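Trainee: Each residue of the sequence shown is one higher than the last, beginning at 1 in the UniProt record's numbering. Beta carbons are placed, not taken as given, at the ideal position from N, Cα and C, and that holds for glycine. For clarity, every value in this text was computed on a predicted model and none was experimentally measured. Shown below is the structure under consideration.
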Amino acid sequence: MSSASAPNENMQIMNGVEVPPFRNFHEFLLETNRYERPPFNDFKRWNNRIISNLLYFQTNYFVTIIALFLLHTVYSSQDIFIGLIAVVAVIATLIFAVSADGNIKKMRTDHPLVTLGGIIAVAYFFISVFASVLVVVFALLFPIFLVLVHASLRLRGFANRAANVKEQLGIRTSVMGQLLDRTGLNVKM
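Dropping the structure here:
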């Protein structure tokens, strides 16, 4: 695509947030002259490289994360299923245990032994299927690790820097920009 069509190449989703186009495979992975060891002694430059690549290749990164998670799910579907059930059960139990809602709080105080028994049962289930929980954690974190490695090694190009400047100036807002803002990495100037 030419740079003249740049304003129309992003897909609009809710509230003006844009999804940049999928970058071609050659640009994303095969340009071997565009890779270099990260500047370990200059954390600001390294951080800028990572953020810039996350913003520019975000659609490729999201597709990569989803594809690797799905591939891992196909390979070990039973562990992923059991691990997700255990994680959801623990989260639901924690919400139940700390909820300030009047009905839930009354239930906890009226039936303390049932509440304690439920917490113990969920904790036992979680511990007994901990290997499956680790499979879920690995299936989620390994693709993110690969994305961060790619973003660290990939040098920025002119189009990459231009996309980053648009995000910094607030000309456009992307999904990755929103995620980075919410995690405390401010991409706006």
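1. How would you label Thr109, buried or exposed, when you count the other beta carbons within 10 angstroms and need 16 or more for buried?
2. Are the beta-carbon atoms of Leu155 and Arg34 separated by less than 8 Å?
3. Thinking Val175 and Val17 are a contact (beta carbons under 8 Å), I'd like their distance in whole angstroms, please.
4. Could you give the uninterrupted runs of the alpha helix (DSSP H) lying entirely in the stretch 100-129, keeping only those of 4 residues or more?
5. Please state whether DSSP places Thr183 in a helix, a strand or coil.
6. Is residue 191 helix, strand or coil when you go by DSSP?
7. Kindly list the residues whose CB is nearer than 8 Å to the CB of Ala131, restricted to its own chain and excluding five residues on each side of it in sequence; keep chain order.
8. Just to confirm my understanding: we take Arg49, look at its own chain, exclude 5 residues before and 5 after, and list those with CB closer than 8 Å. What are they?
9. Please state if the CB of Leu180 and the CB of Leu54 are separated by a distance shorter than 8 Å.
10. To the nearest angstrom, report how far apart Phe126 and Phe138 are at their CA atoms.
11. Rounded to a whole number of angstroms, what is the C-alpha to C-alpha distance between Ile120 and Gly83?
12. Could you check whether Ile144 and Ile51 sit closer than 8 Å to each other, using their CB atoms as the reference points?
13. Leaving out five residues on either side along the sequence, give the residues of the same chain with a beta carbon under 8 Å from the beta carbon of Phe22.
14. For Gly83, report the span of its alpha helix (DSSP H) as first-last.
15. From Leu134 to Ala97, what does the alpha carbon distance come to, in whole angstroms?
16. When the distance is taken between beta carbons, is Phe57 closer than 8 Å to residue 199?
17. Run through DSSP, which three-state label would Arg154 get?
Mentor: With the given structure in hand:
1. Position 109 of the sequence shown holds residue 109. Thr109 is exposed by the Cβ-count criterion.
2. Taking the first residue of the sequence shown as position 1, residue 155 is located at position 155. Taking the first residue of the sequence shown as position 1, residue 34 is located at position 34. Yes, they are a contact pair.
3. Looking up residue 175 in the sequence shown gives position 175. Looking up residue 17 in the sequence shown gives position 17. That pair is a contact at about 6 Å.
4. 102-110, 112-128
5. Stepping through the sequence shown from its first residue, residue 183 is reached at position 183. Three-state DSSP puts Thr183 in coil, outside helix and strand.
6. Because the chain is modelled from 1 through 189, residue 191 falls outside the range shown and cannot be assessed.
7. Indexing the sequence shown from 1 puts residue 131 at position 131. Excluding positions up to five away in sequence, the list reads Asp79.
8. Indexing the sequence shown from 1 puts residue 49 at position 49. Hits under 8 Å: Pro38, Pro39, Ala151, Ser152, Arg154, Leu155, Arg156.
9. Here residue 54 is taken as the residue at index 54 of the sequence shown, counted from 1. Here residue 180 is taken as the residue at index 180 of the sequence shown, counted from 1. Yes. Within cutoff.
10. Looking up residue 126 in the sequence shown gives position 126. Looking up residue 138 in the sequence shown gives position 138. Taking the straight line from one Cα to the other gives about 16 Å.
11. Here residue 120 refers to the residue found at position 120 when the sequence shown is read from its first residue. Here residue 83 refers to the residue found at position 83 when the sequence shown is read from its first residue. Computed Cα separation, rounded: 17 Å.
12. If you number the sequence shown from 1, residue 51 lands on position 51. If you number the sequence shown from 1, residue 144 lands on position 144. Not a contact, by the Cβ cut-off of 8 Å.
13. Numbered from its first residue, the sequence shown carries residue 22 at position 22. These residues qualify, in order along the chain: Thr59, Asn60, Val63.
14. As a first step, residue 83 is located in the sequence shown; it is residue number 83 there, counting from the start. It spans 77-98 - the alpha helix (DSSP H) in which Gly83 sits, taken as one unbroken run.
15. The residue labelled residue 134 in the question sits at position 134 within the sequence shown. The residue labelled residue 97 in the question sits at position 97 within the sequence shown. Leu134 and Ala97: Cα-Cα distance of roughly 24 Å.
16. In the structure displayed, the chain extends from 1 to 189; residue 199 sits before or after that span and is not available.
17. Mapped onto the sequence shown, residue 154 falls at position 154. Correct three-state label for Arg154: strand.
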